[in-house]
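J.: Here it is, the structure, as C-alpha cells.
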Amino acid sequence: MTPKERATRAAEAMWSGDGASQWLGMTLVSVDEGTAVMTMTVEKHHCNGHGMCHGGITFSLADSCFAFACNSRNQATVAQNNMITYTAPAQLGDTLTATAQEVSLTGRSGIYDVRVSNQDGKTVAEMRGLSRAIKGQLFTE
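So the mapping is simple: this note's numbering equals the position in the sequence shown, first residue as 1, plus 5.
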C-alpha cells in the first residue's frame, strides 16, 4: 500500500465516525501522508455576537484538519496540545480552507502547522498542533 493509499483509507475510516466535522459543515478535500486540506463555508450559525466567524469554529476547522494529517499513517493519534493565533476575522459567507502540514514526527510525538485562509487567500489563523500516537489503528492492515 502506498502512503497516499494508506492516508486515504485512514481518512475514510475517520470521516465515517466524525460527526462533529460533518455537523459543522466541513469537507475533507485531500489527504496524504502528514498532510490534509479541509474547507468550510461560514454560515450564520458559525458567527459570534460581532457578526464574524466565532474563533472556536475556526479552531475546530484547523483542529479537524490537523487530526486527518496526523492520523494519515493509520496509527491512532490524538492532540496533545494546540495553539492558535487569529490574524484576521473570517466573515459570514467566507469559504475557509485549512491546510495542515507535518513539521516533525519523532517516535510517538508529532508537530503540525495548520494555516486557515479565506477564499481570497488571506490568512485568518495559524495553528500549531502537537500530536501523540496512542494504541490502535483506524483500519486493519
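Each residue gets a CB set at the ideal place from its N, CA and C atoms; glycine is no exception. Keep in mind the model is a prediction, meaning the values are calculated, not measured.
Hey, out of Ala95, Ile116, Asp99 and Leu33, whose CA is closest to glycine 134's CA?
T.: Counting from one through the sequence shown, the residue named residue 134 turns up at place 129. The shortest Cα separation from glycine 134 among Ala95, Ile116, Asp99 and Leu33 belongs to Ile116.
J.: If distances are taken between C-alpha atoms only, which option among Val47, Leu97, Thr40 and Lys140 comes closest to alanine 105?
T.: If you number the sequence shown from 1, residue 105 lands on position 100. The shortest C-alpha separation from alanine 105 is found at Thr40.
J.: Would you say glutamine 80 and alanine 12 are within 7 Å of each other, going by their C-beta atoms?
T.: To locate residue 80, count along the sequence shown from 1; it is residue 75. To locate residue 12, count along the sequence shown from 1; it is residue 7. Not closer than 7 Å, so no.
J.: Please work out which residues of its chain come closer than 6 Å, Cβ to Cβ, to serine 122, disregarding the five sequence neighbours upstream and downstream, and give them in chain order.
T.: As a first step, residue 122 must be located in the sequence shown, where it is residue number 117. Cβ contact annotation for serine 122 (same chain, cutoff 6 Å, sequence separation greater than five): Thr102 and Thr128, in chain order.
J.: Figure out for me which residue from Cys75, Asn87 and Asp125 has the closest Cα to the Cα of glutamate 107.
T.: As a position in the sequence shown, residue 107 is number 102, starting the count at 1. The option with the nearest alpha carbon to glutamate 107 is Cys75.
J.: Assuming aspartate 99 is part of the beta strand (DSSP E), what are its boundary residues?
T.: Mapped onto the sequence shown, residue 99 falls at position 94. Unbroken run through aspartate 99: none, as it is neither H nor E.
J.: Can you confirm whether the segment 65–73 touches the segment 16–36 when touching is taken to mean that 3 or more C-beta pairs between the two stretches lie within less than 8 Å?
T.: yes
J.: Name the two residues that bound the continuous alpha helix (DSSP H) containing glycine 112.
T.: Position 107 of the sequence shown holds residue 112. No alpha helix (DSSP H) contains glycine 112, which DSSP labels as neither H nor E.
J.: Report all residues from its chain with a CB closer than 7 Å to the CB of arginine 113; omit the five preceding and five following residues, and keep chain order.
T.: Mapped onto the sequence shown, residue 113 falls at position 108. So the list reads Arg137 and Ala138, once near-sequence residues are dropped.
J.: Taking the continuous alpha helix (DSSP H) assigned at glutamate 17, which residues delimit it?
T.: Translated into positions along the sequence shown, residue 17 becomes position 12. Glutamate 17 -> alpha helix (DSSP H) spans 8–22.
J.: How should serine 77 be labelled, buried or exposed, when 16 other C-beta atoms within 10 angstroms of its C-beta is the threshold for buried?
T.: Start at 1 with the first residue of the sequence shown, and residue 77 comes out as number 72. By the 10 Å Cβ count, serine 77 comes out buried.
J.: Count the other CB atoms, across all protein chains shown, that sit within 10 Å of the CB of histidine 50; report buried if there are 16 or more and exposed otherwise.
T.: Residue numbering aside, residue 50 sits at position 45 when the sequence shown is read from its first letter. Per the 10 Å Cβ criterion, exposed.
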